[in-house]
Structures are given as C-alpha cells and as structure tokens.
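**Q** One structure follows; several queries about it will come next.
Residue numbers (my numbering), protein chains in the order written: chain A, 1 to 335; chain B, 336 to 670; chain C, 671 to 1005; chain D, 1006 to 1340.
Next comes the structure, spelled out in structure tokens:
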C-alpha cells in the first residue's frame, strides 16, 4: 500500500481524490492540502482523509506519504513538484508542467537529480483505451509509416465563462488545450517539433482577445523527421467536448473520437438521427484518469519509468510557448 | 424510341411522368390519362405531353404507344394492366399488383397468354444501388449462406393524415408497406414463403384501427428452405422515412440504410451530433425509380425478362394477404 | 463493510470475484467456493481470498459472510439461492434464475418468506449506462408512449464451440440469450407478456439442432397492455458480440448499441471505413457488471429493494420457457 | 435547345459528353474536338455526335454551336476559353482556370469584355446537394457566424501512378486538389484570402518530390475578415476518395462527407463493422457534375450569372499559386 497526499481539490482535484480514496486498492489517500476550508471539509467528510493541511510544505514534512498528486492551479505546478521532490516524494502532476520554459527546466533539473523518484505528468490521453489501441495498431504497422497527425481539443461552450477567469494563470489556450495534442503529435510521430505556425482569434468571446488569448486556434507543426501535424483548439463548441485525433500513414489512417458520443444511445426524433455528446473532458476521459493514476502507483511499486515523463512535459511546454508566440507575432516560430 | 403512355398522375404518377418526359432518352411520353382535369393540365403545360385522355380505354385505342405506365390507385392496377395487355401494350405497374388474390391470378393468366409483352411490377428497392450492391455481395458469398432477413418500411409521421383517407383502397399496411419487404425476403433468401405470423396495432392513430388496419405491425416469416425473416412497418416515425434491411448469413451480415440520412451533412449543435433523414420514400428511392423505369424501357428494346415479374407480384400479394389475415385472426397462417 | 462469499469461479465468476476483491470499497470478499481446485488456487493466490471451500453448505455455515454471489452453472442457481436464503444470507444470482418454472417458483416462495433478505438477479443490462440513459429518456417522455421494443443478443461465432458443451445445462438459447431481452421488454414496456411466437434453426452448427436447440432464433411477443416486441438471438456473428435494443414510441425512438464498437477508434484502410466490435458480452458490459455488483452491496447497506428482483426473474423464465415451447412445437404460446 | 460543343474527351471529358448527349434535355451535343482519333471515334459511335474536329479553332468557326465545354488539359484551359469567347461562344471550363496568374487575368479581361457571354468555371462541389444544403443552413444562421473552415481533397492511392505523369501540366497538388477547398473557403467564409502557410512532402511516392510537388500537404489560411481555414490534400489514401469539409460557427458546426461511404450498405464481418468508400471523385460527385452542367445551360437560356465565375477562378488560382510558393519557400505568403 502506497500512502499518498494530494494538493489542490478543485474540480479535477476532487475527482483524483475520489479515485485515490476509493478506487485504487494499492493506494491510500492519507493527506490533502488546500487553501480552501470548504475543500478540506469535503476531503474529510466525503472521503475520510485523516490528515488535512492548509500549508503545502507542512504536509510534505508531517504526513506519512510516499507520493504526492499535484492538482493545484497551473501556475503552482512547478513549485509544488520541486518541493515534493526535495522532500523525497514521488510526484504525479497534472499538465501542463509550467507556463514558462525556465520553470520547466528547473523542474527537469531537480527531477534528474532525484532519479530514485518517479515524476509523472498527466497527459491523460496516452492512457485512454482508444488512444492506447491506436498506438498499438500504429506500432503493429497497420497504417504503414505515420506521417501526419491531426488533433484537436474542443470544449463545450459552457466552460467559457469559467475559463475567462483563470486564463491568466493557465498560460492560455495553447498551454491549456493544445498541450495534449502536442504530446500526441510527439507520441505518434516519434519525433521532436521543429517549427510551429499558429493562428486564431476570439471569434465568440472578445474577452479572450482582451486577455491576449483566443477562443479558437489552429496550428501547423513541422517535425524533425519531416512529418507534419495540424492541431486545433476551441472553447466554443455547442454540441459537447470533442477531442479528436487522426493519424495518417502510408497504408491507412486511424481516427479517434468521432463523434464524441456520450454513450451508445441514438435518438431518432424530429431533430433527425442523433447522439448526445460528452459534455466535458472528464466525461470523455474518466476511465483514462483512473488508469493513469493506477499506472503512477504501479510505477512506484515496481520502480519503473512512467509513460509520460518530465522530459515529455518540457518538450510540450516548449512547443506551447512557441505556438503562443507564433499566434501573437503572426509568424512561424522555429524551436 | 419507345412511345409510352401513363395512367395516373397523382403524387407518384407525376414523378414517373417527369422521368418519362425528360430523363429517359430512349422513351417519349406521348399520352397521359387521368380523371383529374388539373392533372391533365399539368401533363400538358409542364411536360408537353401531346395526347391527353380522361378515358383509359380510349388512350389504349387511340394513342400511338407501345407501353403503358400504370400508376393509378391500387384498386385499379389489375384492371388497367389487363386492359393494356389486351390492347397489346407492354406494361409497367406500380406495386402492389392487386389486393385480392383472384385479381392477381387473373392478371397472371392474361400476362402468361401474352408472352410477347413485357409486364413488370415496380418493386423499386431491387433497383436501388445499395440493394443492388448487397445482392451482388450476397451472390459473391461475402456473408456465406443467408438465412435471416430483417426488413422494415417506415414512413414519417406526416404521411398519416393522407394515408387514412385511402387505407380502404390500398389494402392496408401489409399490402402498402410490407409488400416491398416481402419481395426483398424472397429475393435475398431465394425461397418461397411457408407461413406468416403478424401482430400490430393502431398505437398512435386509432383511425387506422377503426378502418381495420394498423399504424405499426411486425411479422415473422418462415420460408420453404427453412430460412426465416422478420418484417415491420410503421406509419408513425418522427425522424423520417426509414427503410432498412439486414441480411444475415453464416459468415457475416449486410445492413442497408441506417441511418436513413438525407445527405452527407452532419449537424453538430445543441441537439448533439445529428443527421437529418429523408422525409419520404421518394427522397430515398428517387434514383432507383429512374433506374427501374429505364430498365423497363430497356427490357422492351432488348426483349428481355424484367427483374420483377407478375409472378413475383402474385407471390408478394399472397403473402400480404396472409399477413393481413394473421393480424386480424391473431394466429399463424400457412400459405 | 459487507463480508461476501462467492460460489462459482468460472469465466464470469472470476470477474465478479475480482470486482469484489478489488473494486467495491464497501465489500470484502472473504470466502469462495468451487469444486475446482484450480479455481480455488486462483482465488487464494490472485485475489487473496482467506477462506476457501469445496462444499457450498460448509461455506454458508462457517464463513463470516452476510451475502453470497451465486455465479455457479445455471442448473445450480436455484438450489444455491435457496440454501443461502435459508442460512440468512443476502443473495445476488447470475441470470437465469432457473430453467424450470417449478424451481423458479420455489425460489420465489422462499425469497418471499425472507423479506429481510435482499435477493437480486443479474439482469446486467439494466445497469449499463446506455440502457440507464434510455430508461430515463423514456421516463421523461422523450419518445412519447413506447409501444414496440426490438432487442437482440448476438454472440461472436467463436463462442459456439464452448457453448455446445453446456447447452444442456443452460436451458438453451432462449434461457441463455433472450432472457436479457425478455427482461428489457418488460422493463421498457412496463407490462407482462401475454403470448410468444418463436422460430429458429441451427443454420451454421447442426450440433445445436441435435441438442434440441438453435443457433439463431427470432420471437414475436405480445404484451398485456397491447404493446409488442420482437427479440432475436444468435450464436454465429462474425463481427463480434452485438447486443442491440430499439425502443419505439409515439414521438420518437431510441436505439442502443449500433454498431457494437470496441472503442472510439475508426480504421480507414483497404477494407473501407471500419470499427472493430466488442468480442464478448463481458467486453460490452464490463462497467455494468461492476455497477450492478455495487448496487447489490448498496441495497444491503441501505436496506432497499434492488432494481431486479426474483419476481422479474420468474417472469423472464416463464417467457423463456414459452419461447422454447413455441420454437419446438411451432405455434403461438399464451402465458 | 442549346447546341453545344466539347473540347477534350479524356476521362472527365467523356463523362461530360455523355451527360450532354443524353441527360440534359435542353442541350444537344453537336460537335466534339480532340487530338485523339480514338476519342473522336468514341464520340461518334457511342454518343452519335455529328460533327467531329481535330482542330479546335475549326470547330469554333464551323460548328453551329452556342456554347463550349472546355475539358482539355489544365495547361490549355485559358487558351481554349479565350478563343471560344472571341468566337462569341458561352464557355464552361473545368477547373483550374490556369496555372499562371497572367493567364488567369488575361481570361478575366477578355471575359469582362464579353459581358453578354456566360463564362462558368467548374467548382463542382458548390453544386453537390450536400454542400448546397450546408450553404443554405449556414445562410439560415443554423451555426451562427462561421469563422473556421476545414476542408480536404483526398484521393485513393491508385490514382498516383496516373497522376505522376501529368503533375507537370496540372500545376501540382495545390492547383489540382486544393483549388476546390480554396473555393469552398471563400464561399463559406465570404471573404478573400489574406495569407497562406503551406507544408507537405512526398511521404509515399518520392517521384512527386522529384517533380517539385508533394503527395500530402496541409495549409493554414487567414482571411481578410479575420476568419481562418485549414485545408489539406492527399494522393495516398487507401480507403477511397475522401473529400471532407467542416464549417465551424459560433453556434454550431456542419461536417460534410464523413465517412465517404460508397452507398448505404454496411458490412459486418471479420473486419468489423465497415462501409466501403467511394473510389474516385467522379463516384462522389457524379450527381453534382450533372447538376452543374444543367445549371450552365440554364444560365444561357435565362441569361443569368452562374454560381461560379471567372472572378472566383482567378481568386482561387491566386491562392493556389501562393500555397505552392509557401510550400516551396517554407514561409507564409501574403496575397
């Protein structure tokens, strides 16, 4: 049994905490940290977490834990990871690693100096059964040599009001949305990114433009092995969360996630033949989050390298920074 | 060039007339017969048909035509076909051949006594490119030996008001709807029907029950070669016309028509991911009707036996009669 | 924490045991019973079950358990349930309850005499998120008044070799496959079955005919409230397990499970645009089995009536018996 | 009746000629021109074209025709159009108008000096019923304000051997494939193109790289009204021709053509649940080509401006030239 703690009990933090409390039979959630009294009450009453902290360092010092889940806000990820490593804890962190490249590299350095500690970043799609299946099929040569990836992260519109509030902290749409697509591009094409060219706009919510961000963006990516990718992100879909990825190879292609149907029910009524779509990334990737959390615990138990490392996170953040710059300066950016 | 006449210029008759006037370059529509002045005016003004008749026999006697399209109401099909044959004309008739078995057999006898005349009945689905493709695939052994057919004829609800008016003349839902499915069952399973067991009800429109008919029915069919079928009909779908057929074999199955999408457009909006469906059988089978009419003309030109003969129509009507009896007497009927 | 035992550790029993051992945090699997040494070794070594029994009654007497999961072979369900009730244990039993109506009624009587004990039968589809969603939508009136259910249970062909061995014990295809569809018909149409008319054959594997059974069957069902259903079963599909249900109402219809895709990956290659399908009912309903097992434990904890009761199981078995008789005697059977 | 002539009787030319000979009842194909004896024999024997020419100017001078269909090779389009206009003929030309901007502008100038003559360029997708339906839905506001178009032209791999031979004449993949997508972008977003950024490679057939072209490309487009587009082209799909377009708006999105299924048949076999796809653009757009040809004849009869004008073709070619330059020089090109 691995004793774990968690920092951050917001929307996503609560879900992780529930998994750790209930669904991973080799882990025990013994400590939780939040600056919100209400969130700590939730951890205590709903999940029975015995040790609660308002101060993160105190948790690291006092709680009998081997591993930490960092589900705090994006701007705190780096500091929380570093502190955890310095206290000798294994770390799982939600993506993105950080908004600045300096912060990323600092995390990378410290992580490298603690090779005995597992340090995993939550690129959840790699753990989704459909993406896993696609990766296996590509590996088996089903589509020949892959040379093009198209991928998108699209949220249902109702998230926008919420998002505009924390767009400053999150680093913007490329960091918050496309970081996943960037990771998938690297994963499927097995190459590093050479250059990016991004465009976009605040087509529905001018508030994002005012914050220097966008509500819809598209990016073309060149990779070092001469393959290519196109990634998109949107905050404004009406039908639901719509993550979609296409991997094109010389002998065929794979497409993951169209439509992003909620379940196996089709409705035939005056609107035609239709399927409801998943409303949120959580609804889409609920299973994958659990598989990922279990994988992290298993990596600790068996002392093996996780699927997604700090190095992956650094590369993804570098590309997200380049995308943001390309979008702002309206030119191609070489990495 | 084959000179043709048409009797019946209702909804469907108008469409046939347009095809004959414009789209079959080896046929010329030179005569039209209707009891409706308005319909004759349409034929003259819209289609330029030179010779118009209120009396059917007069058209047969006077018009310089080799072939007749019988698109009159169901209760007149038999009489119109017989009279045309007796005047030495090739005949294409809309389905069903007749409501009574006596009428069917009389047509069959007279047709047999005129082996020089083409006599084709409009089982339009056999001419639909998708059904054609399925037939070829079954013939090539793609699904092994077929042993089960599921087929349905489903109309959009808005037809019901119209249908209740002529349910008396049409012979009811088994004759009017399932006659197509019965024909497909015989075509794909290559056997004759041994028994039927039908149930149904007027679930939405009690008017159909009052007329001794139903708005939704289901029938199980046993065939002489021990294969089986399930056919259904509905007058009450909200999403559109929805013809669907499934052919199950020992090595696979084919499914035709799901969903009955109107075109290749998908709509993603607050109702989910959806496709509009075809509204009517015409919208679904528009192409097939033209292919069928062209085939009839080609059969005359080349003097070959058509795909769907009077014998097929007699068999289908026998089965429709048995279905109706089974539905009314609530028991299995052997043919 | 509820202490539970399990009897039967075959294919499905193992899966239940894993759930009980790992995934239900309010249950503890403390005892397992099997006549197979190998299965008991599995329970001990893989799942850490502390108390193992070759004799079922001994487990009931000696083990400190509140509840039993009966996952033994169909012909033993009734005896195992009865004995468990008599020892004061809550019981969850896999479907079907029994093959004979006498056995069913005996279970029902004894269950009624122990109103303090939860007795749930595993109609797993009611717990599947898609079926749950459909039930809610029907309840909300989305499709008006439902009057027709079409439902099928279709297995991938590779199961057949295995199934022919135990077709004697299982009661045949109506008990083993259609029992689920029968339950869904009652659930969605909210009425009891009035009569059935079943046909079928051994179209691919004559062995089933020799055993008095079939590899493909179709049944028409009339319900007491005048609604209707068509259910089918097949042991011979090439593409995968293919459970499908359609609920037709006066204002629309719902369709669940088409195609029975394995995941969200589509393959585009020389075979066209395609999706792999789930291979087994387990792959299709894995989630639902866990939800169902959790629900049983929750019913014990909160002392509430389960979704699927002995009464449901008795009704379903009565219908399955009638279907079998109809198939064998080639006539409609009234219940 | 409009008398028409045709120049070019290659693959596509033959199809146009058949339509003109048989399927447009207000046009008569009275003259055909080709440098190939074999093609002229086809026109005479198969289609009964009375007047045949090896010399284009001779046809223009001698034949009693009001209109010309220019279906010659891309490098001759401009010269053939100009000569036809100078002889006072209405002109329909296959796309693209020309490969060089000078040739385009020359055609434009001469066309403008003959305002009495209809001059239409074959952007066939605008005439496809699905694209038509999408345009209407966008116009009705179904998806709010459109701000993003994704569009692709993808050919089945078997075309490649053929294409490598005439890649020199055609202007390359942006002119030959993406010209359609460029036109759709302008049509749906109702704005002119401001800049393009294109990448690509010869991922499967190095021959295309040797010819200075690519077998797969992707382009990002900025429009003057601040909306955006992503277009792609591929010569190497294994599953079939796969034209696809997505129009994203503030209140929803439309997707046209996924999957590019051949017909309504689904196959369920050991490969899963699958649909065969259309093999060629002709199979996909056969209907649209006829609708387009009929529209041109109707424009002449009624003296109205066609849907797709020389101005559209000039704009599209300018963008295709910019894409080609961007691809070759690896930088964003402003128009």
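The beta-carbon is built from N, C-alpha and C at its ideal position, and this holds for glycine as well. The structure presented is a predicted model; accordingly, all values stated were derived computationally and were not measured.
From the DSSP output, read off the bridge partner residues of residue 1205 of chain D.
**A** Translated into positions along the fourth chain, residue 1205 of chain D becomes position 200. In DSSP, residue 1205 of chain D forms a bridge with D:1222.
**Q** Counting only beta-carbon separations shorter than 7 Å, does residue 585 of chain B have a partner in chain C?
**A** Within the second chain, numbered from 1, the residue matching residue 585 of chain B stands at position 250. Closer than 7 Å: yes.
**Q** Quick one: what does DSSP say residue 996 of chain C is sitting in, helix, strand or coil?
**A** Counting from 1 along the third chain, the entry for residue 996 of chain C is found at position 326. Reduced to three states, the DSSP call for residue 996 of chain C is helix.
**Q** Decide if residue 706 of chain C is buried, meaning its Cβ has at least 16 other Cβ atoms within 10 Å, or exposed.
**A** As a first step, residue 706 of chain C must be located in the third chain, where it is residue number 36. The residue in question, residue 706 of chain C, is exposed, as its Cβ has fewer than 16 Cβ neighbours within 10 Å.
**Q** Taking residue 222 of chain A as the query, report the chain D residues whose CB atoms sit under 9 Å from its CB, ordered along the chain.
**A** As a first step, residue 222 of chain A must be located in the first chain, where it is residue number 222. Those within 9 Å of residue 222 of chain A in chain D are 1204, 1335.
**Q** If I'm right that residue 700 of chain C touches residue 734 of chain C with Cβ under 8 Å, what's the distance once you round it to whole angstroms?
**A** As a first step, residue 700 of chain C must be located in the third chain, where it is residue number 30. As a first step, residue 734 of chain C must be located in the third chain, where it is residue number 64. Sure, about 7 Å apart at Cβ, within 8 Å.
**Q** Should residue 533 of chain B and residue 658 of chain B be called a contact, given that it needs their Cβ atoms to be closer than 7 Å?
**A** For this step, residue 533 of chain B is matched to residue 198 along the second chain. For this step, residue 658 of chain B is matched to residue 323 along the second chain. Against a cut-off of 7 Å, the Cβ pair of residue 658 of chain B and residue 533 of chain B comes out as a contact.
**Q** Enumerate in chain order the residues of its own chain whose CB-to-CB distance from residue 537 of chain B is below 6 Å, with the five nearest sequence positions on each side excluded.
**A** On the second chain, residue 537 of chain B is found 202 positions in, with the first residue counted as 1. Counting only Cβ-Cβ distances below 6 Å, and skipping sequence neighbours, we find 543, 544, 549, 550.
**Q** For the segment 596-612 of chain B, which residues have a beta carbon sitting closer than 9 Å to at least one beta carbon of chain A?
**A** Within the segment 596-612 of chain B, the qualifying residues are 596, 597, 601, 602, 603, 604, 605, 606, 607, 608, 609, 610, 611, 612.
**Q** Under 8 Å by Cβ, that's how I've got residue 1337 of chain D and residue 1196 of chain D pegged, so tell me the actual separation to the nearest angstrom.
**A** Your numbering for residue 1337 of chain D matches position 332 in the fourth chain. Your numbering for residue 1196 of chain D matches position 191 in the fourth chain. Actually they are not in contact, since the Cβ atoms of residue 1337 of chain D and residue 1196 of chain D sit about 18 Å apart, beyond 8 Å.
**Q** Please list, in chain order, all residues of the same chain as residue 1272 of chain D whose beta carbon is under 6 Å from its beta carbon, the five residues on each side excluded.
**A** Your numbering for residue 1272 of chain D matches position 267 in the fourth chain. Closer than 6 Å at Cβ, skipping near neighbours: 1279.
**Q** What do you get for residue 182 of chain A, buried or exposed, if any count of 16 or more other CB atoms within 10 angstroms of its CB means buried?
**A** As a working note, residue 182 of chain A is residue 182 in the first chain. Burial call: buried.
**Q** Using the Cβ count rule (16 or more neighbours within 10 Å means buried), how would you classify residue 1046 of chain D?
**A** Taking the fourth chain and counting its residues from 1, one reaches residue 1046 of chain D at position 41. Under this definition residue 1046 of chain D is an exposed residue.
**Q** Return the chain-ordered ranges of every beta strand (DSSP E) run that is complete within the segment 823-879 of chain C and spans a minimum of 3 residues.
**A** Here the runs fully enclosed are 863-871.
**Q** Sort out for me which residues DSSP pairs residue 955 of chain C with in a bridge.
**A** As a position in the third chain, residue 955 of chain C is number 285, starting the count at 1. DSSP lists no partner for residue 955 of chain C.
**Q** Could you tell me the alpha carbon to alpha carbon distance between residue 271 of chain A and residue 251 of chain A, rounded to whole angstroms?
**A** Locating residue 271 of chain A in the first chain gives position 271, where the first residue counts as 1. Locating residue 251 of chain A in the first chain gives position 251, where the first residue counts as 1. Taking the straight line joining both Cα atoms gives about 38 Å.
**Q** Let me check understanding here. Comparing Cα to Cα, which of D:1173, D:1289, D:1085, D:1285 lies closest to residue 1163 of chain D?
**A** Translated into positions along the fourth chain, residue 1163 of chain D becomes position 158. Of the candidates D:1173, D:1289, D:1085, D:1285, the one whose C-alpha sits nearest the C-alpha of residue 1163 of chain D is D:1285.
**Q** By the criterion of Cβ-Cβ separation under 9 Å, what are the contact partners of residue 886 of chain C in chain B?
**A** One-based indexing of the third chain puts residue 886 of chain C at position 216. Within chain B, the residues near residue 886 of chain C are 482, 483, 563, 583.
**Q** In the structure shown, what three-state DSSP assignment does residue 1018 of chain D receive?
**A** As a working note, residue 1018 of chain D is residue 13 in the fourth chain. Of the three classes helix, strand and coil, the one that applies to residue 1018 of chain D here is helix, per DSSP.
**Q** Do the segment 779-787 of chain C and the segment 892-908 of chain C make contact, defined as three or more Cβ pairs closer than 8 Å?
**A** Cβ pair count under 8 Å is below three, so no.
**Q** Would residue 1155 of chain D be called buried (16 or more neighbouring beta carbons within 10 Å of its own) or exposed?
**A** Looking up residue 1155 of chain D in the fourth chain gives position 150. Classification for residue 1155 of chain D: buried.
**Q** Quick one: which unbroken beta strand (DSSP E) runs of 3-plus residues sit fully inside the segment 1079-1122 of chain D? Chain order, please.
**A** With a minimum length of 3 residues, the continuous beta strand (DSSP E) runs that stay inside the segment 1079-1122 of chain D are 1095-1099.
**Q** Counting only Cβ pairs nearer than 7 Å, list the residues of chain B close to residue 873 of chain C.
**A** Position 203 of the third chain holds residue 873 of chain C. Near residue 873 of chain C (Cβ distances below 7 Å), the residues of chain B are 482, 585.
**Q** Assign residue 247 of chain A to buried or exposed, taking buried as 16 or more other Cβ atoms, counted over all protein chains shown, within 10 Å of its Cβ.
**A** Looking up residue 247 of chain A in the first chain gives position 247. Classification for residue 247 of chain A: buried.
**Q** Tell me, please, whether the segment 841-859 of chain C touches the segment 296-308 of chain A by the rule of three or more beta-carbon pairs shorter than 8 Å.
**A** Because the criterion of three Cβ pairs below 8 Å is not met, the segment 841-859 of chain C and the segment 296-308 of chain A do not touch.
**Q** Just verifying my parser: in three-state terms, what is the DSSP assignment at residue 283 of chain B?
**A** Past the boundaries of the shown model lies residue 283 of chain B; chain B is included only from 336 to 670, so the question cannot be answered.
**Q** In whole angstroms, what separates the C-alpha of residue 926 of chain C from that of residue 571 of chain B?
**A** Locating residue 926 of chain C in the third chain gives position 256, counting from the first residue. Locating residue 571 of chain B in the second chain gives position 236, counting from the first residue. Rounded to the nearest angstrom, the two C-alpha atoms are 20 Å apart.
**Q** Have a look at residue 1080 of chain D and residue 1172 of chain D and give me their C-alpha separation to the nearest angstrom.
**A** The residue you call residue 1080 of chain D lines up with position 75 of the fourth chain. The residue you call residue 1172 of chain D lines up with position 167 of the fourth chain. If you take the alpha carbons of residue 1080 of chain D and residue 1172 of chain D, they lie about 11 Å apart.
**Q** Once DSSP output is grouped into helix, strand and coil, what is the label at residue 477 of chain B?
**A** Residue mapping note: residue 477 of chain B aligns to position 142 of the second chain, counting from 1. In the structure shown, residue 477 of chain B sits in coil (DSSP, three-state: anything other than H, G, I, E or B).
**Q** Is residue 1008 of chain D helix, strand or coil when you go by DSSP?
**A** Against the fourth chain, residue 1008 of chain D aligns to sequence position 3. Reduced to three states, the DSSP call for residue 1008 of chain D is strand.
**Q** Suppose the cutoff is 6 Å on Cβ atoms and the five residues either side in sequence are ignored; what does the same chain contact list for residue 1033 of chain D look like?
**A** Looking up residue 1033 of chain D in the fourth chain gives position 28. Taken in chain order, the residues that qualify are 1006, 1008.
**Q** Look at residue 769 of chain C and residue 983 of chain C and say whether their C-beta atoms are less than 7 Å apart.
**A** Residue mapping note: residue 769 of chain C aligns to position 99 of the third chain, counting from 1. Residue mapping note: residue 983 of chain C aligns to position 313 of the third chain, counting from 1. No, they are not a contact pair.
**Q** Use the C-beta contact count for residue 95 of chain A: other C-beta atoms within 10 angstroms, 16 or more gives buried, fewer gives exposed.
**A** Residue numbering aside, residue 95 of chain A sits at position 95 when the first chain is read from its first letter. It counts as buried.
**Q** For residue 939 of chain C, which three-state DSSP category applies?
**A** The count along the third chain starts at 1 and reaches residue 939 of chain C at position 269. If DSSP states are grouped into helix, strand and coil, residue 939 of chain C belongs with the strands.
**Q** Might you give, ordered along the chain, the residues of its own chain that have their beta carbon closer than 6 Å to the beta carbon of residue 1237 of chain D, omitting 5 neighbours on each side?
**A** Walking along the fourth chain from the start, residue 1237 of chain D turns up at place 232. Around residue 1237 of chain D: 1157, 1223.
**Q** For residue 1022 of chain D, which residues of its own chain have a beta-carbon under 7 Å away from its beta-carbon, when the five flanking residues on both sides are left out?
**A** Counting from one through the fourth chain, the residue named residue 1022 of chain D turns up at place 17. Excluding residues within five positions, the ones whose Cβ falls inside 7 Å are 1011, 1014, 1034, 1037, 1048, 1052.
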